[in-house]
């Protein structure tokens with residue numbers, strides 16, 4: 026039986042009913058199908074694809090066209106999962122008109138149901154404009170990877186009382202502007218708990234402790250497919266990277282030794298046609 030497609034209303038209702046929200050990143054048709062089959066609520070086509078798929082050092086290099094391409098592919102395999110597309114660096118920061126134009130492309134061209142953008146007070150006008158344009162929005166506070174030039178790298182945020190109180194203020198601003206959810210990344214557990222308690226919209230944590238209304242991790246981190254670095258907040262549930270490498274190496278070994286392909290992997294021809302082929306072959310000059 027096909028499950029009903031999740032919507033922003035379902036995500037809001039999950040908080041009301043104290044049901045944890047499961048969000049997992051996916052960047053293509055195949056991974057999206059696996060995430061959907063695993064029972065997740067939301068597929069995030071994250072700008073993290075810049076690092077785990079495209080090999081960049083950070084998320085700043087990924088383009089709108091690349092994000093649209095991967096969102097379109099993931100949406101085809103998403104099943105009942107809601108597809109949330111990350112808006113890449115400089116696709117929304119300039120002004121509200123730019124934000125609406127680019128966010129609209131994710132819904133109209135790529136099959137997303139909502140978009141996510143980073144920042145607090147600095148993007149409130151953009152959030153309001155998106156909501157007016159009937160585009161559902163998820164906010165993102167704490168460690169915002171698109172701000173690493175200013176933050177000085179991937180560092181835990183809101184570690185002072187002043188910064189923690191400011192985080193709560195900006196979370197309330199995003200809620201009031203119309204966000205239906207908020208990602209909290211790399212902030213102290215008790216700060217995330219206070220934000221969660223004070224908001225009517227669900228919080229999705231990544232390195233923000235268990236008191237959030239849901240959790241998100243990167244597909245490649247969950248499955249051990251990305252080993253360049255693993256943040257403290259990551260839990261790897263399968264070392265699929267090792268399994269993949271072993272299988273690929275076995276294939277290479279069998280090709281070089283002549284074991285693969287075997288007879289069972291080859292196509293034949295009925296004996297009559299085979300005989301005709303070889304008889305006629307003798308008459309040809311090449």
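Numbering (the numbering used here), first residue to last: 26 to 311. All C-beta atoms in this analysis are idealised placements derived from N, C-alpha and C, irrespective of residue type, glycine included. A quick note: this is a predicted structure, and the numbers were derived from the prediction, not measured.
Exercise for review: Tell me where the alpha helix (DSSP H) around residue 297 begins and ends.
Suggested key: Along the chain shown, read from residue 1 onward, the residue named residue 297 stands at position 272. Here the alpha helix (DSSP H) through residue 297 covers 296–306.
Practice item. Give every residue of the same chain whose Cβ lies closer than 8 Å to the Cβ of residue 288, excluding the five residues on either side of it in the sequence, and list them in chain order. Key: If you number the chain shown from 1, residue 288 lands on position 263. For residue 288, where only same-chain residues beyond five positions count, there are no Cβ hits under 8 Å.
**Study point:** Start-end ranges of the alpha helix (DSSP H) lying completely within the segment 66–95, minimum 4 residues
**Key:** If we require 4 residues or more, the alpha helix (DSSP H) runs fully inside the segment 66–95 come out as 74–77.
Check your understanding: With burial defined as no fewer than 16 other Cβ atoms inside 10 Å of the residue's Cβ, what is the status of residue 21: buried or exposed?
Key -> Not covered by the structure: residue 21. The range shown for the chain is 26 to 311.
Exercise for review: Take the Cβ of residue 309 as the centre, count every other Cβ of all protein chains shown within 10 Å, and call the residue buried at 16 or more, exposed below.
Suggested key: Within the chain shown, numbered from 1, the residue matching residue 309 stands at position 284. The residue is exposed, with fewer than 16 neighbouring Cβ atoms inside 10 Å.
Point to revise | DSSP beta-bridge partners of residue 48 | key: On the chain shown, residue 48 is found 23 positions in, with the first residue counted as 1. In DSSP, residue 48 forms a bridge with 67 and 241.
Check your understanding: CB residue 183 to CB residue 143, shorter than 8 Å?
Key -> If you number the chain shown from 1, residue 183 lands on position 158. If you number the chain shown from 1, residue 143 lands on position 118. Result no, Cβ atoms of residue 183 and residue 143 do not sit closer than 8 Å.
Exercise for review: Might you give, ordered along the chain, the residues of its own chain that have their beta carbon closer than 6 Å to the beta carbon of residue 233, omitting 5 neighbours on each side?
Suggested key: Numbered from 1 along the chain shown, position 208 holds the residue referred to as residue 233. Shown here for residue 233: same chain residues with a beta carbon closer than 6 Å to its own, the five before and five after excluded, namely 209, 212 and 217 in chain order.
Check your understanding: In whole angstroms, what separates the C-alpha of residue 107 from that of residue 168?
Key -> Numbered from 1 along the chain shown, position 82 holds the residue referred to as residue 107. Numbered from 1 along the chain shown, position 143 holds the residue referred to as residue 168. Distance from the CA of residue 107 to the CA of residue 168, rounded to the nearest whole angstrom, comes to 24 Å.
Exercise for review: Would you check if the segment 145–162 and the segment 68–76 touch, i.e. whether three or more CB-CB distances between them fall below 8 Å?
Suggested key: Flag = no, the segment 68–76 and the segment 145–162 do not touch.
Practice item. With DSSP as the reference, label residue 181 as helix, strand or coil. Key: What you label residue 181 is simply residue 156 of the chain shown in a count that begins at 1. Residue state, collapsed to three classes: coil.
Point to revise | Classification of residue 270 by the beta-carbon crowding that lies within 10 angstroms, buried from 16 upward | key: Translated into positions along the chain shown, residue 270 becomes position 245. Classification of residue 270: exposed, given that the 10 Å Cβ count is below 16.
Review point. Rounded to the nearest angstrom, how far is the Cβ of residue 152 from that of residue 202, given a contact under 8 Å?
Key: Here the question's residue 152 lines up with position 127 in the chain shown. Here the question's residue 202 lines up with position 177 in the chain shown. About 4 Å separates the two Cβ atoms, so the contact holds.
Review point. Given residue 122, which residues of its chain have a CB within under 6 Å of its CB, disregarding the five upstream and five downstream residues?
Key: Here residue 122 corresponds to residue number 97 of the chain shown, with the count starting at 1. A distance below 6 Å between beta-carbons, with the five flanking residues on each side excluded, links residue 122 to no residue of its chain.
**Study point:** Endpoints, beta strand (DSSP E) assigned at residue 187
**Key:** Looking up residue 187 in the chain shown gives position 162. It is not in any beta strand (DSSP E) - residue 187 instead sits in the alpha helix (DSSP H) that spans 186–202.
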